[in-house]
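Numbering follows the working numbering, with no gaps: position 58 of the sequence shown is 388.
The structure appears below as structure tokens.
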Amino acid sequence: MPNSERLKGVEVFVAVARAGSFVRAGERLNLTSSAVGKAVARLEARLQVRLFERSTRRLALTEAGGRFLAACTRVLSELEEAEHALGGDGEVLAGRLRIDLPVTFGRLVALPVLAPFFGRYPRLQPVLSFTDRYVDIHDEGIDVALRIGSPEAWPPSLGHCYLGREQKVFCAAPAYLAVHGTPATVEDLAQHAAIMYRKADGSISPWLIRSGDGRAEPRAEPRIEKTALDARIVAGNAEAQRDLTLAGLGIAQLPTWLVGGPLADGSLVQVLPAHATPGLPLHVVWPKAKASLPRVSQVVAVLCEALGDASDAALDGAVDGEVDAAS
């Protein structure tokens, strides 16, 4: 069998394994689901082993399929790296690079870092997605992602670089405070119009209050919970929250990377500054299996260096420089 046909079957198999569906794999490869299914069937026949367990509800890798996927992923990465190594002196980056970014932080903070990097490498083909939902990096074929928040334990297949934490502050427009007064205590917030954030799952994100021992925790007192539930305005986008706050419609708790400019020019005023609190952690994340690809390793380095160094201005959080590098 020609090597090109053998590799074509492998590419389809890997796409199906990552997508968990013939239909979704076909969409990514620009093939019909029937063509994808036939390609997998031919591969199974050639290998004389079943790679997937099929049912009406799900498609799952067999034990042999899992071993074959690991080998195929490694081989495809090595072939891709070898191809790019032949294309220049190692300084020329080329090929598709899929990057997933949080909607607002990605556009306002990460994109200004990435744009000059992309400009230096015209053969690079960046594919950017902006989403605040959870993205499975392996299933969706993401090369590098920025994440606000993190799981309790990182999967061993992912490398990650800690950037720091958001710093969150309560703020309002001077016009709003002139009419409604400035809250002097946390309890006063219950008497004000709250502009809250709606998470992707439909729930309202609680305000974080700095407690007496200096920790940040969701406020659980009934009056504050009631304020969250009876928010005057709920928005599913942090930039929209900021703009509504600028319009004088209420008080919001927002990260300093988003409101640093308005706070500096006086169009927003920080309230209850003693209750400014660390927010969610930020990480750059990548599949360890792709870490040897120059386009992946270099964009990771650029993001970690630029956003880490800019943490005082952009994140207002401590950056410890810890990097869980690919191994």
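Note that the Cβ used here is the ideal one computed from N, Cα and C, for glycine as well.
Q.
Could you check if T575 belongs to the surroundings of the ligand SAH, using beta carbon to heavy atom distance under 6 Å?
A. Within the structure as shown, the ligand SAH is missing, as the structure has no ligands at all.
Q | Own chain partners of A550 with C-beta closer than 8 Å, once the 5 adjacent residues on each side are dropped | A | On the sequence shown, position 220 is the one that residue 550 refers to. Per-residue confidence for A550 stands at a pLDDT of 40, beneath the threshold of 50, marking its modelled position as unreliable; the derived number appears in the next sentence. None.
Q) For the beta strand (DSSP E) that G609 lies in, which residues bound it at each end? A) Working through the sequence shown from its first residue, we reach residue 609 at position 279. Its beta strand (DSSP E) spans residues 607-617.
**Q.** Alpha carbon of L602 to alpha carbon of F500, nearest angstrom
**A.** Indexing the sequence shown from 1 puts residue 602 at position 272. Indexing the sequence shown from 1 puts residue 500 at position 170. If you take the alpha carbons of L602 and F500, they lie about 7 Å apart.
**Q.** Cross-strand partners of L584 (DSSP beta bridge)
**A.** As a working mapping, residue 584 is identified with position 254 in the sequence shown. V499.
(Q) Which residues does DSSP list as the beta-bridge partners of T430? (A) The sequence position of residue 430 within the sequence shown is 100, counting from 1. Sequence check: residue 430 is Asp here, not Thr. Looking at the DSSP output, D430 sits in a beta bridge with S459, A475.
Q: List the residues that DSSP assigns as beta-bridge partners of E383.
A: Here residue 383 corresponds to residue number 53 of the sequence shown, with the count starting at 1. According to DSSP, E383 bridges with A390.
Q | Nearest to G609 (by Cα), restricted to the options C402, A594, R540, Q600 | A | Against the sequence shown, residue 609 aligns to sequence position 279. For the residues C402, A594, R540, Q600, the minimum Cα distance to G609 belongs to R540.
Q. Alpha carbon to alpha carbon, how far is A394 from V379?
A. Residue numbering aside, residue 394 sits at position 64 when the sequence shown is read from its first letter. Residue numbering aside, residue 379 sits at position 49 when the sequence shown is read from its first letter. Each residue's Cα considered, the two are about 8 Å apart.
Q | Assigned exposure category for V457 - 16 Cβ within 10 Å defines buried | A | For the purposes of this step, residue 457 is taken as the residue at position 127 of the sequence shown. Per the 10 Å Cβ criterion, exposed.
**Q.** Any 3 or more C-beta pairs closer than 8 Å across the segment 419-433 and the segment 472-479
**A.** yes
Q | Assigned exposure category for Q571 - 16 Cβ within 10 Å defines buried | A | Position 241 of the sequence shown, counted from the start, is the residue given in the question as residue 571. Result: buried.
Q) If we call anything under 7 Å between Cβ atoms a contact, is A525 one with T575? A) In the sequence shown, counting from the first residue as 1, residue 525 sits at position 195. In the sequence shown, counting from the first residue as 1, residue 575 sits at position 245. Looking at the sequence itself, residue 525 is Ile, so the reference to Ala does not match. Yes.
Q: Given a cut-off of 7 Å, decide if K498 and Q600 are closer than it, judged by their beta-carbon atoms.
A: Residue 600 sits at position 270 when you count from the first residue of the sequence shown. Residue 498 sits at position 168 when you count from the first residue of the sequence shown. Between Q600 and K498, the C-beta gap is not smaller than 7 Å, which leaves the two residues out of contact.
**Q.** Boundaries (first-last residue) of the alpha helix (DSSP H) holding Q628
**A.** Position 298 of the sequence shown holds residue 628. Looking at the DSSP string, the run of the alpha helix (DSSP H) that includes Q628 is 624-639.
**Q.** Beta-carbon gap between E569 and T434 smaller than 7 Å
**A.** The residue labelled residue 569 in the question sits at position 239 within the sequence shown. The residue labelled residue 434 in the question sits at position 104 within the sequence shown. Contact: yes.
Q | Proximity of F352 and V342 at Cβ, strictly below 7 Å | A | By 1-based counting over the sequence shown, the position of residue 352 is 22. By 1-based counting over the sequence shown, the position of residue 342 is 12. Result no, Cβ atoms of F352 and V342 do not sit closer than 7 Å.
Q | Assigned exposure category for T386 - 16 Cβ within 10 Å defines buried | A | Here residue 386 refers to the residue found at position 56 of the sequence shown. Classification of T386: exposed, given that the 10 Å Cβ count is below 16.
Q: Measure the alpha-carbon distance for T557 versus I534 and round it to whole angstroms.
A: Residue 557 sits at position 227 when you count from the first residue of the sequence shown. Residue 534 sits at position 204 when you count from the first residue of the sequence shown. Note on T557: pLDDT 43, under 50, position unreliable in the model; no value is reported.
Q: Can you give me the Cβ contacts of E383 inside the same chain, cut-off strictly under 8 Å, excluding the 5 residues immediately before and after it?
A: Walking along the sequence shown from the start, residue 383 turns up at place 53. Taken in chain order, the residues that qualify are L389, A390, L391, T392.
Q) Under three-state DSSP, which class holds L493? A) The count along the sequence shown starts at 1 and reaches residue 493 at position 163. Strand.
Q) On the premise that L588 lies in contact with L438, defined as a C-beta separation below 8 Å, what is that separation, rounded to the nearest angstrom? A) Start at 1 with the first residue of the sequence shown, and residue 438 comes out as number 108. Start at 1 with the first residue of the sequence shown, and residue 588 comes out as number 258. Indeed, because the Cβ distance is near 7 Å, the residues count as touching under 8 Å.
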